[in-house]
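Just so you know, the sequences run in chain order A and B.
Each residue of the first sequence is one higher than the last, beginning at 1 in the numbering used here.
Each residue of the second sequence is one higher than the last, beginning at 1 in the numbering used here.
We treat Cβ as the ideally placed atom computed from N, Cα and C, and that holds for glycine.
Please read all numbers here as calculations on a predicted model, not as lab measurements.
What follows is one structure encoded as structure tokens, with my remarks underneath.
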Amino acid sequence: MIPGQFDYHAPTTVQEAVQLLQEHGDEAKVLAGGHSLVPLMRLRLAAPSVLVDINRIPELRGINRTNGTVTIGATTTHATIERSEVLKRVLPMLPAAATVIGDPMVRNRGTFGGSLAHADPAGDWPAVALALNAEMRIVGPDGERTVPAGEFFVDLLTSAVEPGELLTHVSIPVPGGNVGMSYQKFGHPASGYAVTGVAAIVTLYENNYCLDCSIAITGAGTKATRATETENALRNQTLDEATMAQAAEQAGTGIDFLGDIYASEEYRQQLVKVYTKRALLAALHAANEGQSAEAQKTL
Amino acid sequence: MATTYVGERLKRLEDPELIVGAGNYMDDITLPGMAHVAILHSPYAHARILSVDTSRATALPGVVAVFTGKDMEADTNALPCAWQAGSVTNNVNTPRPLAVDEVHFVGDPVAFVVAEDLYTARDALDLIEVEYEPLPTVVDAEQATQEGAPQLHENAPNNVCMHWTAGNQAGTDTAFDQAEVVVSQKLINQRLIPTAMETRGAIGSYNAGTDEYTLWLSSQAPHVHRLLLAAFVLNVPEHKIRVIAPDIGGGFGSKIFIYPDMAIVAWASRKLNRPMKWIEDRQENYLWTSHGRDHTTHAEIAGTRDGKITGLRAKTYANLGGYLSSIAPGIPTTLYGRMATGVYKIPNTFVEVFGVYTNTAPVDAYRGAGRPEATYLVERMVDRFAREIGMDPAEVRRKNFIQPEDFPYDNGLGMLPYDSGDYEKALNRALELVGYQELRQQQTEALAQGRYIGVGFSSYVEVCGVAPSAWIGLNGQGWGAGLWESANVKVHLTGKVVVTTGTAPHGQGHVTTFSQIVADELGIPIEDVVVQYGDTQGQPFGLGTYGSRSLAVGGTAIHRSVTKIKDKAKKIAAHLLEASEEDLVWQDGKFMVKGSPDAAKTIQELALAAHVGYSLPPGMEPFLDETTYHDPPNCTFPFGTHICVVEVDPETGKVEFLRYLAVDDVGNVINPLIVDGQLHGGIVQGMAQAMWEQGVYDESGQLVTGTLMDYAIPKASMVPNFELDRTVTPTDVNPFGAKGAGEAGTIASAPAVVNAVVDALKPFGITHLDMPLTPERLWRAIQEKRNQPSDSATAPTGGSHPPGDASTPASGAGA
């Protein structure tokens, strides 16, 4: 478990980092929390000759709320999100989801941006970011661009971040109105990764009438996916358990399912239905209770 | 100043050092001029080695040397198999330090690099070019015995290395022919990968001046490692090797055995005249450090409709891997087959075991070693039988228990007589604590709400404190040595006591337990005792720590040495007090003249007298220094009943633990805190087999579960709180009346969990599930039953339950 040889750079500005990435092209990898990259390097499944460590770039770290948007820096750790009072108030699904990532050691080192850019099909953040309509700010040699979450997860382990580019920030609109949100996860007993994870958000009018809903699924297939059919089936409906369960039956539509020795494709299809239903129930409950992270946790 | 430590929940004396990071583990050791070793393992499960080209690796700057099997062949022999049970003698196949012509599993060592640093050593591995000719592979033991299966070793036709039986075949066949009820079940006891927190390592240092080797090894048995390396592998006289086991981060059996790396570092340290260090990484650890379990068993149980068990028959294929590990043949024979009837009086039993070579890592003793497999066999079958005749599983157990008046009990399978037991008492206590009647009531009520709760039992007995040498060595068991244990106790001039033990703790807390015993026996503060172990230099020969034997056997050796010390001290006291020995009594840490409490000598005063030596009884040698080699008259047989309560989510197959209760009888307890800790860890390990762990090879012999990302070891958050209680049935085998607690939890817990889950799924008509009980396995079993029209009378609802119905209602089942 000894990685091959590599050069190490620790730039202190985004510009410097992008310059290094451009200079070294495919040979370079960005090192954030290192919780995906370093194990791959130790197993010699990845052997980048240059590492660009972005942990010393101050502007990439931290959570900021301005008007209706929360912006999270790419190197903000899972643990920081888990403990953020601001997020607990306005986007409680984020700190709640953080609590089910790995273990405390992983959460203390692993980063929000690193996890998103890595686009692991079993990562938790992709579903959360997708359901929350996050926007990714990416800086490259030609300047800055913004990619919506819906276009960010391209394929298995492939995000919209091109070689030479750096994901710097993620902006998440704070939903208004009577909103409830929940992330429900079936974790792998060894890795802790999501065998299936479902992020659900419901916006209600009176009497559980669904004005809007947003559902995203991770773990089951090659990339995080919106459950569009289920969303459509629930909008402008009165939400109850039977309605949500019926809509959840379609949650797997559009997922390119994966299977392995722990959980087959067929089983993941079942998990997607069950966890979509449970995430919706939890989100509905949260909306009814007046959302709080604590309210979600009890479900 | 009567100090009584025995029976106290003393915190472990070992811990402060380890907690603050001041321990001395293998990788903490650095020697001047030390070079680093990296080992190249075969990527093929079965292949001929056509050529090995080391030139590119050797040319890498920083590489000192690269060696292959051919380089080592002349100087070293194959590793020995020390427990040739089951007439395995004629087809022993053990690994050489490096494979020469053929490899037999992925992980088989082929070459090694010596370099100035570990990074270079690892880089150089990628530059060694080995040309392999792949051969057909077989990974399943039962399949390996079939005609036409790929053959691993010429001397083992059909890959069978042994065929072993125990019990009464004719009587058992008759019992089955005449039985009112027979239940058959195939049982898979899956392969497990022992995951000690610290991987293994080996450091070798050769002194050219004295022609002596010092080896630091991850060892549960340093004296045995020295003996085997010297006498069998390295062709070096035993007294020219010193083996040191530093702090060892767990073993669970995997560090009993002799491994190629031990020979590699010793050989290379002499060849290159430099100290050599090899530290195993987790991937290597999973590939080649011996695995555990891996039995396929065809089991049958016979009995009467009123719940009497009349026969047990089992045919087991034990997967032993590509080669025999050090004591592999003894595990599925003496420690499994001879314990197959567990706590029950089963009049007719026959166990047949095939030990089989396959293209997988060697399989050997792993926590419990044979007894978890035996307990799983009998406890699962008793439950199957109870279900078949419609009787409460607790009642069937009670009806068939060996009774207190039956001890010493001969189970008819060639095991030593069970020493003592009261199995019903432990069961009753467990039932009382769990509130059995109410629990069954709750289960019924829950089912009516569509909730699937299950209650599972495991009543177990195991054998530990192995063993009398005359039994294990001679009586058909095939163990190649004695199994006594040693201890030396010295009381120094200052009254401080030095205990050296042949046992080799690696997490068990021996220092604490042994200190409690010695401090009590000598009436001194516990701080005045030091316990030393793990170094062949200066410590008496010991057989090591495994099989829950250290207290029963090693502790007794210490106790006997202390007794000898006190006998001698008494003579000195009599001399100094001018009294006769008969007039002296031992009280409050002193020898005093009966009726004259002022005429007394403490052990410290007597140690001083013994040391200075100027006023001793005529002819007496100075110093208080006694050694004992203790060979016990019998093993010990701890027992108990565990009860597990679970709830299964029928939508996902996920299992939730509601309760886990254990009533264990490990005899008298020296340190209840340590025993509780051993039970907690043991229960978790057995639960992990039931629920999560499984070593999986694909058909080509690649280990699919090769990392901790795939192989699910238990975490604290995955298990419930444990409710522990004990009954106490002392043994007369040792002076403590203690039986051993290191493996009991693991032996008991897997069947308790499986029985609970199967009980929970009884409304679906499910009668058995193989381990591990993954959610998908449960979900599929439920789906299968739901889709079987014939079972619709017993299975709740049809295949497609109504949407939105989180809790599937039971349709009249389980009434």
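Taking a C-beta distance under 7 Å as the contact criterion, Gln694 (chain B) and Ala750 (chain B) do not qualify as a contact pair.
Buried is the label assigned to Pro260 (chain B), since at least 16 other Cβ atoms lie within 10 Å of its Cβ.
When CB distances to chain A are screened at a threshold of 9 Å, the residues of the segment 710-726 of chain B falling below it are Asp710, Tyr711, Ala712, Ile713, Pro714, Lys715, Ser717, Met718, in chain order. Within chain B, the residues placing a beta-carbon under 9 Å from that of Phe186 (chain A) are Thr652, Lys654, Pro775, ordered along the chain.
The Cβ neighbour count for Thr513 (chain B), taken over all protein chains shown within 10 Å, is at least 16; the residue is labelled buried. Rounded to the nearest angstrom, the gap between the Cα atoms of Glu578 (chain B) and Ala600 (chain B) is 11 Å. For Asp364 (chain B), no CB of chain A lies under 7 Å from its own CB, so it is not counted at the interface with that chain. DSSP places Ile39 (chain B) in the strand class (E or B) of the three-state scheme. Annotated as proximal: His153 (chain B) and Tyr357 (chain B), with beta-carbon spacing under 7 Å. Neighbours of Gln269 (chain A) in chain B, taken as residues at a C-beta separation under 8 Å, are lacking, since the least C-beta distance is about 11 Å. Counting along the chain, the unbroken alpha helix (DSSP H) around Asn108 (chain A) starts and ends at 104-109. Under the three-state reduction of DSSP, Asn159 (chain B) is assigned to helix. As DSSP reads the structure, Arg191 (chain B) sits in a beta bridge with B:Arg293. Neighbours of Tyr119 (chain B) in chain A, taken as residues at a C-beta separation under 7 Å, are given in chain order as Ile2.
The contact set of Ser191 (chain A) on chain B, defined by CB atoms closer than 7 Å, consists of Met709 in chain order. By the Cβ-count criterion, Gly435 (chain B) is exposed, with fewer than 16 other Cβ atoms from all chains shown falling within 10 Å of its own Cβ. Here Met136 (chain A) carries a strand assignment [DSSP, helix/strand/coil]. Within the segment 98-124 of chain B, the runs of beta strand (DSSP E) that reach at least 3 residues and sit entirely inside it are, in chain order, 109-115.
For the pair Ser159 (chain A) and His295 (chain B), the Cα-to-Cα distance works out to about 45 Å.
For Phe637 (chain B), there is no enclosing alpha helix (DSSP H), as DSSP marks it with neither H nor E.
Per DSSP, the unbroken beta strand (DSSP E) holding Asp53 (chain B) starts and ends at 47-53. Restricting attention to B:Gly390, B:Ser326, B:Ser548, B:Ile309, the CA atom closest to the CA of Lys762 (chain B) is found in B:Gly390.
Between the alpha carbons of Asp108 (chain B) and Val100 (chain A) lies a distance of about 38 Å.
Per the DSSP secondary-structure output, Asp665 (chain B) pairs in a beta bridge with B:Phe639. Under the three-state reduction of DSSP output, Trp288 (chain B) falls in the helix class. Apart from sequence neighbours up to five positions away, the residues of its chain that approach Leu13 (chain B) with a beta-carbon distance below 7 Å are Val511, Thr512, Ser515, ordered along the chain. One alpha carbon belongs to Leu50 (chain B), the other to Ser87 (chain B), and they sit about 34 Å apart.
For Ile261 (chain A), the C-beta contacts it makes with chain B under 7 Å involve Val696, Val704, in order along the chain. Not flagged as an interface residue toward chain A: Trp288 (chain B), since no C-beta distance is shorter than 7 Å. Contact with chain A is found for Asp281 (chain B), since one of that chain's Cβ atoms lies less than 7 Å from the residue's Cβ.
At a beta-carbon threshold of 8 Å, none of the residues of chain A lie near Trp479 (chain B); the nearest stands roughly 36 Å away. Secondary structure at Ala230 (chain B): helix, using DSSP grouped into helix, strand and coil. Around the Cβ of His118 (chain A), a 10 Å sphere holds 16 or more other Cβ atoms; the residue is buried. Excluding sequence positions up to five before and after Gln190 (chain B), its CB lies within less than 6 Å of the CB of Gln694, Met771, all in the same chain and listed in chain order. A Cβ-Cβ contact shorter than 7 Å links Met381 (chain B) with Ala299 (chain B). Under the three-state reduction of DSSP output, Gly342 (chain B) falls in the coil class, being neither helix nor strand.
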